[in-house]
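Peer 1: Numbering (the numbering used here), first residue to last: 12 to 334.
Where is the CB? At the ideal position from N, CA and C, for every residue including glycine.
Small disclaimer: the values here were computed from a predicted structure and weren't measured.
Handing you this structure, nothing more for now.
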Ligand code: UDP
Ligand code: MG
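Encoded structure:
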C-alpha cells in the first residue's frame, strides 16, 4: 500500500514543522510507503518558504503552491490530481486533527472505500461552529441519505480510484462521500481526536453554513437527476401546463356561453401556468442536451467500474497540416 497524505495549508506557518514531524513519526512507525503532499493555498505568510525547505530536506515531501487563494476544496483537488498513492489521506494543516489517528483509518480502508473521521469531542467554539455544524450534519444526512455524524472532518482516507473519479467544485470537499455514493461506495466512520487550534486563526465563520447548504442543493440534484434532468423538471412542468390548460379551457367554455372573461384573474393564472409549464419542460430538455454533451464529448460513461480509475480517453487525432 502506498499512501498519499494531502494537507491544505493557508497561512499556517507555525504549524508546518510540528505537523511534518508528527506525520513522519506516525507513518515511519506504520512501515508503509508514503508521500506528503503539502498544498499551499496562496498563503501570504512564510508557509511556502517553509514547505520548500522541508521539500529539500525530506524527499517524501512534495510541496505544491497556488498562485492565489483558491480555497480548501481546490487544495484537495490539486492534491488528489498529484497523488501517486493507492490510498489518499486528507488531514488539516492546523494540527487540529491528530496524525495518530491515521493508522486507524488505514486499517479500515481495505474493507471500505472511504473511512471518515468523526470529531466526537470537537474543540471549536460552540455557537459559531459546533451548533451550525450539528444542524448541517443532520440536514446533509437526511437529504443525501449518506449517514455520517461529521461531514466537515477533514481527516478521511479514500481509495484513490474513488476520489480520482470525482471533480470538485465550490466548497464541496465535505460532500465527497455523498458524491461518491453515486458510484456505489462503502463508507466507514471512526471517532478521531480533535485539538483546539494552537497557532494561527480559523479561516471560516458562520457564513460557511449557508454556502454548505447551497452546495447541498447542487449535490442532491446531481445525486438524483444528473443523468435524467427532464425527469426532475418534467413532472412539475406537465402538472403546471395541464392545470393551466384545464383552467383556460373552462374560461373558453364560459366565453362561448356568452360571459365576459377578460377581467378575470383566473385567466392570468391559467396563462401563467401554461407558460411556466412550457418553460420547465424546456429547461428539462436543455438539461438533457447538456448531459449528453457532458458525457459524450468527454467520453464519460454513466457508470463506474470497480477497481478502474477512469477510462483512457483517446486523444483527438491530430489534424494533418497541408504540405
Ligand atoms: N484552508 C485552506 N484554504 C482556505 C481555507 C483553509 O487551505 O482557503 C486550510 C487551512 O489552512 C487548514 C484547513 O484548511 O489547514 C482547515 O481550515 P480551518 O482550520 O481554518 O477550518 P476549521 O478547522 O476552523 O473548520
Ligand atoms: Mg481547523
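Would you check whether ligand 2 has a heavy atom nearer than 6 Å to the C-beta of residue 109?
Peer 2: Counting from 1 along the chain shown, the entry for residue 109 is found at position 98. No; taking the cut-off as 6 Å, the Cβ of residue 109 has no heavy atom of ligand 2 nearer than that.
Peer 1: Please determine whether the Cβ atom of residue 103 lies at a distance below 6 Å from any heavy atom of ligand 2.
Peer 2: Translated into positions along the chain shown, residue 103 becomes position 92. Under cutoff, so the answer is yes.
Peer 1: Are the CB atoms of residue 41 and residue 114 within a distance shorter than 7 Å?
Peer 2: Here residue 114 corresponds to residue number 103 of the chain shown, with the count starting at 1. Here residue 41 corresponds to residue number 30 of the chain shown, with the count starting at 1. Yes, they are a contact pair.
Peer 1: Do residue 170 and ligand 1 come close, with the Cβ less than 6 Å from some heavy atom?
Peer 2: To locate residue 170, count along the chain shown from 1; it is residue 159. Not so, every heavy atom of ligand 1 lies at least 6 Å from the Cβ.
Peer 1: Hey, quick one: how far does the beta strand (DSSP E) through residue 59 stretch, first residue to last?
Peer 2: Mapped onto the chain shown, residue 59 falls at position 48. Element bounds for residue 59: not the beta strand (DSSP E) but the alpha helix (DSSP H), 58-68.
Peer 1: Which term fits residue 240, buried or exposed, when burial requires 16 or more other beta carbons within 10 angstroms of its beta carbon?
Peer 2: The residue given as residue 240 occupies position 229 in the chain shown. The residue in question, residue 240, is buried, as its Cβ has 16 or more Cβ neighbours within 10 Å.
Peer 1: Rounded to whole angstroms, what's the CA-CA distance from residue 222 to residue 182? Just pull it up for me.
Peer 2: Numbered from its first residue, the chain shown carries residue 222 at position 211. Numbered from its first residue, the chain shown carries residue 182 at position 171. Rounded to whole angstroms, residue 222 to residue 182 spans 7 Å at the Cα level.
Peer 1: Let's see if you can read the secondary structure: which residues bound the alpha helix (DSSP H) around residue 293?
Peer 2: As a position in the chain shown, residue 293 is number 282, starting the count at 1. Per DSSP, residue 293 belongs to the alpha helix (DSSP H) from 276-308.
Peer 1: Pick from 238, 125, 84: whose alpha carbon is nearest that of residue 297?
Peer 2: Here the question's residue 297 lines up with position 286 in the chain shown. Checked all of 238, 125, 84; the closest Cα to residue 297 is 238.
Peer 1: For residue 125, list the residues DSSP reports as bridge partners.
Peer 2: As a working mapping, residue 125 is identified with position 114 in the chain shown. Answer by DSSP bridge pairing, in chain order: 169, 198.
Peer 1: According to DSSP, is residue 16 helix, strand or coil?
Peer 2: Here the question's residue 16 lines up with position 5 in the chain shown. Residue 16: strand per DSSP, three-state reduction.
Peer 1: Using the C-alpha atoms, what's the distance from residue 303 back to residue 314?
Peer 2: Counting from one through the chain shown, the residue named residue 314 turns up at place 303. Counting from one through the chain shown, the residue named residue 303 turns up at place 292. Distance between the alpha carbons of residue 314 and residue 303 is about 14 Å.
Peer 1: For residue 188, count neighbouring Cβ atoms within 10 angstroms of its own Cβ and tell me buried if that reaches 16, exposed if not.
Peer 2: For the purposes of this step, residue 188 is identified with residue 177 of the chain shown, where counting begins at 1. Its Cβ being crowded by 16 or more others within 10 Å, residue 188 is buried.
Peer 1: Which residue comes first and which comes last in the alpha helix (DSSP H) that contains residue 79?
Peer 2: The residue you call residue 79 lines up with position 68 of the chain shown. Premise fails: residue 79 is in no alpha helix (DSSP H) and is neither H nor E.
Peer 1: Quick check on DSSP: helix, strand or coil for residue 157?
Peer 2: Here residue 157 refers to the residue found at position 146 when the chain shown is read from its first residue. It is coil, neither helix nor strand.
Peer 1: Going by other Cβ atoms of all chains shown within 10 Å of its Cβ, with 16 needed for buried, is residue 178 buried or exposed?
Peer 2: Residue 178 sits at position 167 when you count from the first residue of the chain shown. Counting Cβ neighbours within 10 Å, residue 178 comes out exposed, since fewer than 16 surround it.
Peer 1: Can you tell me whether residue 99 is helix, strand or coil according to DSSP?
Peer 2: Start at 1 with the first residue of the chain shown, and residue 99 comes out as number 88. Residue 99 falls in the strand class under three-state DSSP.
Peer 1: Across the region 196-209 and the region 260-268, are there enough close Cβ pairs to call them in contact, namely three or more that are closer than 8 Å?
Peer 2: Not touching, per the Cβ criterion.
Peer 1: Between residue 56 and residue 21, is the Cβ-Cβ spacing less than 7 Å?
Peer 2: The count along the chain shown starts at 1 and reaches residue 56 at position 45. The count along the chain shown starts at 1 and reaches residue 21 at position 10. No, these two residues do not count as a Cβ contact at 7 Å.
Peer 1: Is residue 204 helix, strand or coil when you go by DSSP?
Peer 2: As a first step, residue 204 is located in the chain shown; it is residue number 193 there, counting from the start. Three-state DSSP puts residue 204 in coil, outside helix and strand.
Peer 1: Measuring only from the beta carbon, is residue 20 closer than 6 Å to any heavy atom that is part of ligand 1?
Peer 2: Looking up residue 20 in the chain shown gives position 9. Yes, ligand 1 has a heavy atom inside 6 Å of this Cβ.
Peer 1: Would a C-beta distance cut-off of 7 Å place residue 163 and residue 185 closer than the cut-off?
Peer 2: For the purposes of this step, residue 163 is taken as residue 152 along the chain shown, with counting starting at 1. For the purposes of this step, residue 185 is taken as residue 174 along the chain shown, with counting starting at 1. It is a contact, given that the beta carbons lie within the stated cut-off.
Peer 1: Counting beta carbon pairs with one atom in the region 212-226 and one in the region 190-197, are three or more of them shorter than 8 Å?
Peer 2: Counting Cβ pairs under 8 Å, fewer than three are found: no touch.
Peer 1: What do you get for residue 327, buried or exposed, if any count of 16 or more other CB atoms within 10 angstroms of its CB means buried?
Peer 2: On the chain shown, residue 327 is found 316 positions in, with the first residue counted as 1. Its pLDDT being 45, under 50, residue 327 is placed unreliably by the model, and nothing is read from it.
Peer 1: What residues are listed by DSSP as bridge partners for residue 45?
Peer 2: The count along the chain shown starts at 1 and reaches residue 45 at position 34. DSSP output for residue 45 lists 14 as bridge partner(s).
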